[in-house]
Every structure is written in structure tokens, then in C-alpha cells.
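Asker: Protein chains in written order, with our numbering: chain A, 1 to 274; chain B, 1001 to 1430.
The structure follows.
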Amino acid sequence: MTQALYVINLLLPFAYLLTFLFYALDFFNEKNLFTNSKRIFLFITLLIHISYLLLRTIEFDHPPITNKFEIFSILAFAVSFSYFILELLTDVRGTGAFIILFALIFQVVSSLFIENNYIVPDVLRNRLLGLHVISALLGYSGITISAVYGLLFLVLYKNLKSSRFGLIFNRLPSLEILEKLSFNSLLIGFVLFTIAIIIGITWLPTAFPNFSYSDPKLIGTALVWIIYGAGILSKFLANWYGKKVILFSLTGFILAVLSLILTTTLATTFHSFY
Amino acid sequence: MNLIGITINHNNSPIEIRESLHLSRNEIVEFIPLLKQVLSEGVVISTCNRTEIFGLPITYSLNTSSIVETLLRYKPVKETKPEFFHKYFSCGAVKHLFKVASGIDSLVIGDSQILGQVKDAFEISEDMGFTGPVFHRLFGTAIKVGKRAIKETAIGEGAVTVSYAAVQVVEKIFSGLDKKSALVIGAGETGELAAINLKDKGISKLTISNRSIERAENLAEKIHGEIIPFQFLNEHLHNFDIIISATSSENFIINYADVASAVKKRRGAPIVLMDIAVPRDIDPDVRKIDNVFYNDMDSLKIIVDQNLQKRRNEIPVVEKIIMEEMVGFFSWYNTLEVVPTIKSLRNFFDEIRNDELDKIKNKISEDDFSKIEDMTRRLIGRILHNPTVKLRELAENGNDIQQVTTKSIILKELFNLNSTNDNGKNIEEK
């Protein structure tokens, strides 16, 4: 089975590359040659990826969340899977290249540096931790997709304001749809984030003797959660529109990424397993 | 094939001549009986940019002057010149008709209306008994070419008028117009076109404002919209997601402050302003306001030019469709010559067989007669198999109608198929 895992690990970046190329070609070529085939490629890539993650779980007897590069692979899967569902639900097919690019980068990093850990701390075999990590990762993929759509919104907004009617104008969906996609991804990301936080707050104190509410990672995550929550409330209560919502989502995303980088690299925390 | 096509269109004649020779539906109905004196089948297509006459002459002559004279007798025009009338014959006429139906010969390439106009013209001729099997097939194929061009190519895609381009931009801002409200300022031709385009796109609420209240009311009635008195225009701007202005005003009728105030009242909700008037109606500085999308004629013209270029790029693809359909049409047409010949040949042999069978019917037993009957049927079937198949193949695959005609004539001559009574019955008697 290790041999099979080795092969799939090599295969996955190429599968994502091929899918990305199909989506990119379809975006730049106005003839819509790959409108259906690109979705099939994404589906096949997702099937290979889920098989890979399951095989890893069976082979190593723990969910693939024990090192950074397993996490990267899950993140690649979560981003592309969330996009796949979004595409199926909305039938907006022109934006895939921008999202799959993230999945491709995550998977390349994962495939290059992934380690096979047979022996891991017991806490990493815990199912609640698995649920906590996976919901947090899905939450991150939600806000990543939201940020990508937010960026696309801003690019199209700028094009429309300056009356530039090129490729962006022709190939992207309307501003209203981009805003909706961005906000809905944000909303889903926020819900999953909340689930991850609830599991974390209820289970972490029992699992870690050195647990502390003043932990930098906890504070950073709570801040990001509060900012996103306030933004979502403003949208619903104060009827925020367009650019304001998008700028808010992008700011939240930048803060989330910064908080993640700072708390995992600079600060000492119990909340680090690798 | 002795098909003739005569065309007066935007490529070969000035607008005055095209206007003078334009035939309304009623005029076509009056004109067809005159054409019947020179044509056995025919169709007259007349739009604001072209008048086309397609027909099969009663005689085998391809003289077009009688058709042109008939037209000029019906619609006398003083300053015509021969070069205003382009003539096409046979294959050229078929190709021209297919080009017209597909929209690649239109003034605005890919014009979607022309296909309907070709259909209507054919229906008039059909109703007046001026079409036969050839024109049924010809116009059926022309309509198929038009439909394929729309379905398989991008010849009809994209906005090619400024008012439609305005709607295209609006669709890049809002996902659907079914919950949006629009205001059209100006009830002239451009304003009306913009209002109709918005209506066609399913706009939820459409309002008209015009200096002359009567014209606003007329247009509002036409598109089932509402009106706002022109003097109160600026007080209502915030109620609309889309504002299209097309008046002949010399000064701005919507200023920066008006839009800024409207956006404030809308609490930042996007507002689209399309200024399709010359000189402009809306202060272009409004584009600096957040969530305000402003476009004027110049910027919308960019979209129109891009789309026209895209349509021009599709012409070779449409021409390929035309070629495919022409091959199909002429394959069918060529079989017209051979089908009666094959039928006559088979009848000729069957008659001989029946004559000979009659002669022996009472001389042999029923059982033997039945065997001979079967044997002769098989015999004739085998004798005629190769000539039938070859002739059919030649007609279906060959593009040389002359060759098909020559072989048909030789067969008819050799077996004297034109004479119904001469099947060699009396040879023995002679």
C-alpha cells in the first residue's frame, strides 16, 4: 500500500495541474471548448484525492492531520471540493482557474515534503481532534474561496468603472453573482469555523493539561471570528452592499492568514502538534 | 439548374434606390402575379436593406432582363443603373440565398431578423402557389443554414447596437433584471429601443420620462411602463437601479450632485447610468462616485466594435456550413434528373416481362407459371441492379449535373423511354 500511496502522491499534483489548465484554457478561450470536460477532470481529481486521504488513514492508522504537509493536502482537497459543490449549485463555471490554482499550490507543497508517520502522539489519533481540524480547514477553505471571489469582484469592479471591456468583462460573471459567491463562501466558512472553535473550546481543556485561554492562537482565532461575525451581522442588519462587503471579506482573510502565520511561527503555544 | 437570383442591396446600390424598390408585404402579394408571367417558381424577399428575387424561369433561358423589367414596371424608379442589380445563376444564386439567410450578407453581420424575413417571404410565395418542389427544398435548406449559423457559430452573439450594448453592461453588474427598476429618459427612437431591450430582458419596473409628456405616455403605454414628469426627474433618481438617458438636451440633465444624493439615499446600492445621448445628458464625473457605473456612447461603442469583429471572425465557419448544405442540396437536386429515368427504365422492363408472361400463361401449368414469374422477376432485378445503383450514385455523389443529365438522356434514347408504347412488343409480329 505504501507503494500505491507513493504513486498517488506523485500523481495528485499532475491531476490538479491538468484540471487547472483545463479551467484556465476555458477562461481564456471564448469558444467554451472545455465547459463540461473541465468539471469531469475536477471530479476525477477529487476522487483520486479522497482515495489517497482514505488510504493514508488506513495505512498509518490516524487521520492525515499529523504534520503540516498532510494538512496542506487536506486543504487542497477542501478548497477544490468546496469549489466543486459551489459550481454544481450555482452553475457559475468561469472562475474555477482562480480557485483550483490554490489547491494546486497546496498539493504541490504537500507532495514534495510529506512524511509518513507511523508513530504519532495519542492525542493526534483522537476523533474529536480530527473533526476539529477538518472543520477548521474547511472553514479556512471557505474564507479562501470567499477572498478569491472578492478579488475577482474588485478586478471586474475596476474594469467596469473605467469602461474596460476586455477578457475580464467577457468571461467573469456579474458583480452581483461574484458578491453572492464571495458572501456565501464566507458564510459557510464562518459556520465551519464556529464548529471548529466550539469543539476546540469544549475538548481542548480536557485533552491538554497546559491549556490556556490566553493562548495566542486562541486569541488570534477569536479575533478573526469576531471580525467575520461583525461583518456578517452588518451585511444582514445594515444592508451592506458590494465593494464594502468585499473589502471587509478581504481584510478578514488577510487577518486570518496573518494570525495563523504569526501564532504558528513566532508564538509558543500548546496548540502546536508538529 | 436554371435558378436566377437578382439582388438590390446595401453592397451595390444607394439607400434611395433601395427605399424606392422596397416592397411591403401587400406589394409583394400584388407583384407575384406579374412575376408568374416569367417565372414558374419564385420568392421575393424585401427588407429595408435589400430586395431579392429568386426564381426559376418558365423557359430555359437565363435572361434576367424580363424580371428586372417586371419589377421596374411595378415600381418605377427613374435613376436606376444596371450595376444596382446584381445577378446570380444556379449554384451562385443558391450560395447567395444561403448567405442572406445566415446573416453574413447583412449590413449588420449576423442580423437575427433576416432569417425570419426569409421565412415570411417563402410563406407568401407558398400561399400564392408560387413554389414547387425545388423551392420547397431550396428555402427549407436556406432556413436550415440560418438556424445552423445561429446554433453552431457565434455569428449572432454580442451586442451590435449601442442601446443593446448598454443592456450588456447592465447584465455584468446585476445578475438578473427581474428584480430591478429602470428609468429611460427620452422617448425618441434610441430611448424606445433601449426601453424595448430592457423589457425583453425581463426588467421588473420600467419608467419613462420625457420633456413632452405625450411622447412619454405613448412609449410607457407601448412597453407597459410608468412615467415620471420631466421636471421631477432628479427627485426620483434614487428609486432606480438603472438609468438610461437618450435625450437631445444641449446641457447635462443629471449632475454630479444629483447622483451623489441618490446614492446616499440608496445607502450605497449600485446604480448604473448609461448616457447614450450626443451631446451627453449626464455629467461624466459621476463615475468617480463609489458603486456608480457610468458609460457614454464612446465607451459603449467599444463593445459594439468588439462584437462586430467577433462576428466577422465567424464568417469562415458560416461559409463552411453553407458549403456543406450546398453539397446536400445539389445531391438532392441531381437525383431529380435520374429518379424519373430509373422509374421509366424499370417500367419498361416490367412491361416486357408482363407481356411475355401473358403469352405463356395459358400454355403451361400454374405451378410452372409461378416458377417462371419468380425467375423473370429475379432476372430483371439483376439486370437493372447495376444501372440503377450506378445512376443513383452518380447523382448523389457527383457534382457534375451535366454528366448525370447526359447519362439519363443516353438511357432514355437507347431504350426509347420517352415513347410510352414502344417496348418492342411488336417485334415478333414484325
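By construction, the Cβ of each residue, glycine as well, lies at the ideal position given by its N, Cα and C atoms.
Which first and last residues belong to the alpha helix (DSSP H) in which Pro1057 (chain B) is found?
Answerer: Unbroken run through Pro1057 (chain B) is the beta strand (DSSP E), 1050–1057; no alpha helix (DSSP H).
Asker: Taking only beta-carbon atoms, is Ile1295 (chain B) less than 7 angstroms away from chain A?
Answerer: A small correction: the amino acid at residue 1295 (chain B) is Asn; Ile does not occupy that position in the sequence shown. By this cut-off, Asn1295 (chain B) is an interface position.
Asker: Between which two residues does the beta strand (DSSP E) holding Asn1009 (chain B) run?
Answerer: It spans 1004–1009 - the beta strand (DSSP E) in which Asn1009 (chain B) sits, taken as one unbroken run.
Asker: How many angstroms separate the CA atom of Glu1221 (chain B) from the CA atom of Ile1227 (chain B)?
Answerer: Answer to the nearest angstrom: the Cα atoms are 9 angstroms apart.
Asker: If you draw a straight line from the alpha carbon of Pro1387 (chain B) to that of Arg1346 (chain B), how long is it in whole angstroms?
Answerer: Distance between the alpha carbons of Pro1387 (chain B) and Arg1346 (chain B) is about 11 angstroms.
Asker: CA-CA distance, Glu1069 (chain B) and Ile1004 (chain B)?
Answerer: Roughly 15 angstroms between the two C-alpha positions.
Asker: Under 8 angstroms: do the segment 1329–1342 of chain B and the segment 1152–1165 of chain B share three or more Cβ pairs, one atom per stretch?
Answerer: No, the segment 1329–1342 of chain B does not touch the segment 1152–1165 of chain B.
Asker: Flag Arg87 (chain A) as yes if its beta-carbon sits less than 7 angstroms from any beta-carbon of chain B, otherwise no.
Answerer: It is Glu, not Arg, that sits at residue 87 (chain A) in the sequence shown. Glu87 (chain A) does not count as touching chain B.
Asker: Quick one: Cα of Phe60 (chain A) to Cα of Ala136 (chain A), how far?
Answerer: Rounded to whole angstroms, Phe60 (chain A) to Ala136 (chain A) spans 22 angstroms at the Cα level.
Asker: For Phe1240 (chain B), would you say it is in contact with chain A, using Cβ-to-Cβ distances shorter than 7 angstroms as the test?
Answerer: No, Phe1240 (chain B) does not count as interfacial toward chain A.
Asker: Any beta carbon from chain B within less than 7 angstroms of Leu5 (chain A)'s own beta carbon?
Answerer: No, its Cβ sits nowhere closer than 7 angstroms to a Cβ of chain B.
Asker: I'd like the ranges of any beta strand (DSSP E) spanning at least 3 consecutive residues and lying wholly in the segment 1157–1208 of chain B.
Answerer: Runs of the beta strand (DSSP E) inside the segment 1157–1208 of chain B: 1181–1185.
Asker: Would you call the CB atoms of Ala1142 (chain B) and Phe1089 (chain B) closer than 7 angstroms?
Answerer: Not a contact, by the Cβ cut-off of 7 angstroms.
Asker: So if I threshold CB-CB distances at 7 angstroms, which residues from the segment 1261–1288 of chain B count as touching chain A?
Answerer: Within the segment 1261–1288 of chain B, the qualifying residues are Arg1267, Gly1268, Ala1269, Pro1270, Arg1287.
Asker: Hey, would you say Thr1051 (chain B) sits closer than 7 angstroms to Leu1072 (chain B), going by beta carbons?
Answerer: The answer is no: Cβ separation not under 7 angstroms.
Asker: With a threshold of 7 angstroms between beta-carbons, can Ile1203 (chain B) be considered close to chain A, or not?
Answerer: No, Ile1203 (chain B) lies away from the interface with chain A (no Cβ there is under 7 angstroms from its Cβ).
Asker: From the DSSP output, which residues share a beta bridge with Met1274 (chain B)?
Answerer: Note: Met1274 (chain B) sits in a beta bridge opposite B:Ile1244, B:Asn1295.
Asker: Show which residues of chain D have a CB atom less than 7 angstroms away from the CB atom of Ser1299 (chain B).
Answerer: Structure shown: chain D not included; protein chains present are A and B.
Asker: Are Ser111 (chain A) and Pro13 (chain A) touching if we call contact CB-CB under 7 angstroms?
Answerer: It is a contact, given that the beta carbons lie within the stated cut-off.
Asker: Using a cut-off of 8 angstroms between C-beta atoms, extract the partners of Asn1291 (chain B) located in chain A.
Answerer: Result: Tyr241, Gly242, Lys243.
Asker: Is Ile1315 (chain B) close to chain A, meaning its C-beta is less than 7 angstroms from at least one C-beta of that chain?
Answerer: Answer no: the Cβ-Cβ gap between Ile1315 (chain B) and chain A never drops below 7 angstroms.
Asker: Measure from the C-beta of Phe176 (chain A) to each C-beta in chain B and report whether the shortest distance is under 7 angstroms.
Answerer: The displayed chain sequence assigns Glu, not Phe, to residue 176 (chain A). So, interface residue.
Asker: Within 10 angstroms of its Cβ, does Lys1430 (chain B) collect 16 or more other Cβ (buried), or is it exposed?
Answerer: Annotation note: pLDDT 43 at Lys1430 (chain B) (below 50); position unreliable, coordinate value reported separately. Its Cβ having fewer than 16 others within 10 Å, Lys1430 (chain B) is exposed.
Asker: List the residues of chain B whose Cβ lies closer than 8 angstroms to the Cβ of Ala160 (chain A), in chain order.
Answerer: Per the sequence shown, the amino acid found at residue 160 (chain A) is Leu instead of Ala. Neighbours of Leu160 (chain A) on chain B, chain order: Val1169, Lys1172, Ile1173, Phe1293.
Asker: For Leu1238 (chain B), which residues from the same chain have a beta carbon less than 7 angstroms from its beta carbon, with the 5 sequence-adjacent residues on both sides left out?
Answerer: Leu is not the amino acid found at residue 1238 (chain B); the sequence shown has His there. Result list for His1238 (chain B): Ala1262, Lys1265, Arg1266, in chain order.
Asker: Given a threshold of 16 other Cβ atoms within 10 Å of its Cβ, counted over all protein chains shown, does Phe1009 (chain B) qualify as buried or as exposed?
Answerer: Here residue 1009 (chain B) turns out to be Asn, not Phe, going by the sequence shown. Asn1009 (chain B) comes out buried.
Asker: Apart from the five residues on each side of it in sequence, which residues of its chain come closer than 7 angstroms, Cβ to Cβ, to Phe1415 (chain B)?
Answerer: Answer for Phe1415 (chain B): Leu1345, Phe1348, listed in chain order.
Asker: How about Lys38 (chain A) and Tyr23 (chain A): are their beta carbons less than 7 angstroms apart?
Answerer: For Lys38 (chain A) and Tyr23 (chain A), yes; Cβs fall inside 7 angstroms.
Asker: Please determine, among A:Leu258, A:Asn29, A:Val155, the residue with the shortest C-alpha to C-alpha distance to Lys1310 (chain B).
Answerer: Checked all of A:Leu258, A:Asn29, A:Val155; the closest Cα to Lys1310 (chain B) is A:Asn29.
Asker: Can you tell me whether Ser1370 (chain B) is buried or exposed? The criterion is at least 16 other CB atoms within 10 Å of its CB, across all chains shown.
Answerer: Answer is exposed; the Cβ neighbour count stays below 16.
Asker: Within a Cβ cutoff of 8 angstroms, which residues of the same chain sit near Lys1179 (chain B), ignoring the five residues on either side of it in sequence?
Answerer: So the qualifying residues of the chain are Ser1204.
Asker: Give me the Cα-Cα distance between Ile1253 (chain B) and Gly1146 (chain B), rounded to the nearest whole angstrom.
Answerer: The straight-line gap from Cα to Cα measures roughly 44 angstroms.
Asker: Measure the alpha-carbon distance for His62 (chain A) versus Leu151 (chain A) and round it to whole angstroms.
Answerer: Their backbone Cα atoms lie some 37 angstroms apart in a straight line.
Asker: Across which residues does DSSP place His1236 (chain B) in a beta bridge pair?
Answerer: According to DSSP, His1236 (chain B) bridges with nothing at all.
Asker: Taking Gln1306 (chain B) as the query, report the chain A residues whose CB atoms sit under 9 angstroms from its CB, ordered along the chain.
Answerer: Simply Phe165, Gly166, Asn170.
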